[in-house]
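These notes are about the structure you will find just below.
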Amino acid sequence: MTAMHCHFTGRNFISKSLSTFLPLLSIVQTQAMAVTIHNALPSLNALKSKSIIRNRPESRRVSANSVRCCQVATSDKQSITVSNGNDSLEICRVLNGMWQTSGGWGRIDRDDAVDAMLRYADAGLTTFDMADHYGPAEDLYGIFINRVRRERPPEFLDKVRGLTKWVPPPVKMTSSIVRESIDVSRRRMDVPCLDMLQFHWWDYSNPGYLDALNHLTDLKEEAIGVQVKLRLLL
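Residue numbering for the sequence shown is 1 to 234, as defined by the UniProt record's numbering.
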């Protein structure tokens with residue numbers, strides 16, 4: 001069985017397959033690209049000066065042409081603006097991956113983790129990449145963002161981004177299931193609006209992903225002018 005990711009704007013979407021399920025690198029672009037560093041918090045301790053950042057190798061299955069719906073415009077040396085249709089979001093070029101919090105690397109101390117997140121943000125690495133199944137990742141982000149609100153100026157808060165993923169089980173995708181799933185992530189991350197939602201589906205032989213995409217689009221459209229729950233859908 002092959003894992004699938006969908007990138008879409010409104011009701012138009014494209015797909016790419018991954019030979020194994022890894023956290024999604026949101027943007028594929030040949031010159032300027034955002035890179036997810038999933039060893040950025042190896043033990044959730046202080047920043048390591050010896051950390052090495054490597055470029056993500058080019059995928060053999062995904063060409064630049066297959067992701068034309070996503071465009072990247074360089075805004076400065078530290079951040080980029082990700083655009084998908086009419087939606088856009090400014091993020092840091094390097095994303096702090098939070099896969100280590102899923103539990104496979106031992107016990108995570110909550111306070112140490114949040115302290116480390118603050119240090120990374122203070123160093124300019126203000127974008128965090130997580131998922132609903134990365135253990136307490138979304139909860140840790142919620143604690144972190146509240147400390148930012150209390151302990152940092154408003155202009156600092158404006159630069160922080162939380163990118164999450166929705167990885168639902170292959171059940172019937174009803175509107176209520178989709179809505180509740182998004183609301184769970186919003187509550188855990190303690191935000192009124194998800195900066196970016198990356199949708200993952202395991203197997204396209206199960207057409208439920210089409211219902212999920214439609215419900216996600218409806219949820220985003222109905223929130224216009226009321227309460228925007230999703231800024232960018234990928």
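Even glycine gets a Cβ: it sits at the ideal position worked out from N, Cα and C.
Rounding to the nearest angstrom, what Cα-Cα distance links residue i and residue j in this structure?
i           : j      : result
Leu219      : Cys193 : 12 Å
Gly85       : Leu197 : 15 Å
residue 306 : Ser102 : Residue 306 cannot be examined here, being either before or after the span of the chain that is shown, 1 to 234.
Val171      : Asp203 : 12 Å
His215      : Ser175 : 6 Å
Lys165      : Asp115 : 23 Å
Pro168      : Ala212 : 9 Å
Glu155      : Arg149 : 10 Å
Val178      : Gly106 : 31 Å
Tyr134      : Ile108 : 12 Å
Arg110      : Cys92  : 24 Å
Arg186      : Phe199 : 15 Å
Glu180      : Glu222 : 15 Å
Gln100      : Ser205 : 30 Å
Gly208      : Tyr120 : 38 Å
Asp87       : Gly104 : 35 Å
Ala32       : Val94  : Unreliable placement is indicated for Ala32, whose pLDDT of 42 sits below 50; no coordinate value is reported for it.
Val184      : Asp158 : 23 Å
Could you pull the start and end residues of the alpha helix (DSSP H) that residue i belongs to?
i           : result
Ile108      : Note, Ile108: premise wrong, no alpha helix (DSSP H); not H, not E.
residue 235 : Nothing can be reported for residue 235: it is not among the residues displayed for the chain, which extend from 1 to 234.
Gly208      : 208–222
Arg152      : No alpha helix (DSSP H) holds Arg152; DSSP gives it neither H nor E.
Would a C-beta distance cut-off of 8 Å place residue i and residue j closer than the cut-off?
i      : j      : result
Arg147 : Asp195 : no
Glu90  : Ser79  : yes
Leu140 : Ala113 : yes
Glu138 : Met173 : no
Met98  : Asp129 : yes
Thr217 : Leu163 : no
Leu118 : Asn96  : no
Ser191 : Ile145 : According to the sequence provided, residue 191 is Val. The question's Ser does not apply to it. Their beta carbons are under 8 Å apart, which means Val191 touches Ile145 by this criterion.
Along the chain, where does the beta strand (DSSP E) that runs through residue i open and close?
i      : result
Leu125 : Where Leu125 is concerned, there is no enclosing beta strand (DSSP E), given that its DSSP letter is neither H nor E.
Asp87  : 87–92
Val82  : 79–84
Asp158 : Neither: Asp158 is in no beta strand (DSSP E) and is coded neither H nor E.
Gln198 : 194–201
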